[in-house]
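Heads up: the sequence shown is residues 1479 to 1737, going by this note's numbering.
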Amino acid sequence: MITSPANATIKMIRSLRQRKARESSGLCFVEGIRLVTEAAEAGAELVQLVVAPALLTSAFAHDLVEQLALQGVERIEVSAEVFASLSAKDGPQGLAAVVRQRWFELAEVQLAQAPRWVALVEPADPGNLGTIMRTVDGVGASGVIIVEPAADPYDPAALRASMGAAFAVPLVRTSWAELAAWKQANGVTMVGSSDQAATDFRQAAYPTPLILLMGSERQGLSADQQALCDVMVAIPMRGRSDSLNLAVATGILLYELVS
């Protein structure tokens, strides 16, 4: 059992709080019984399990740990103190995992089998990103295309907000230039959103395959980005607010697009 927070393995795992370490290693840190279970059930590659026996009281979690050990996942046992040094929870459950990130390239997207995507242009808030991944999974959309620079979907805040959907939803990262060229080459319909659009989102037609293009929290879609869209829609605002939170707006539109 590892009892020192200064242990080299523990320091490596703790470094995954930082984006630089996540990007250089291709790993992320997942904490909690629910998220570890979701990652395992989604077929994510679990590199290491981190178990604090003094904290892990769930019979279900003990069974999960044993099943994953039989599958060859390395198990690291740590003291409650060491686990607390890794945890972002007030009441840590004693189970976490180091998980391999999973990314796809635009060229791998098969629109015939996966016809409805969300593309997010430079989303800055990991909580919004995680919530959108959860909604994409909930509505049965195909995946999320992230136009960089952007928040990290493997940020701990994004993983918590996704409730494990980050491991079930295909993720693509790309540039705006690459996405624009791919859209034109594949003849995919692009639907954008703006409060200035003339068409109510409930009155538009949404042929597939399609991409729902959503702008950043601060800027929305630029004029050039709107110009690339085949359809521009607006969500009517009844009160004083002139816009919705990015994750809320994306959820409203997604349910309309897949209905």
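A virtual CB, placed ideally from N, CA and C, is assigned to each residue, including glycine. What you are looking at is a predicted structure, and each value in this text was computed from that prediction instead of being measured.
Lys1489 and Pro1483 have their C-alpha atoms some 7 Å from each other.
Take the alpha-carbon of Val1650 and the one of Ala1659: they are about 15 Å apart. Between the alpha carbons of Leu1731 and Leu1494 lies a distance of about 34 Å. Under the three-state reduction of DSSP output, Thr1481 falls in the coil class, being neither helix nor strand.
For secondary structure counted as the alpha helix (DSSP H) over 4 or more consecutive residues, the region 1579-1664 holds these complete runs in sequence order: 1604-1617, 1634-1640, 1654-1664. Nearest C-alpha to Val1560 among Gly1569, Ile1480, Thr1652: Ile1480. Counted as a single uninterrupted DSSP element, the stretch harbouring Gly1693 is not any alpha helix (DSSP H), since DSSP gives it neither H nor E. Note that the region 1685-1698 touches the region 1582-1600; at least 3 beta-carbon pairs, one per stretch, sit closer than 8 Å. Proximity of the region 1622-1640 to the region 1602-1609 meets the contact definition, three or more beta-carbon pairs being nearer than 8 Å. In its chain, beyond the 5 residues on either side, Glu1509, Ala1574 have a beta carbon closer than 8 Å to the beta carbon of Ser1565.
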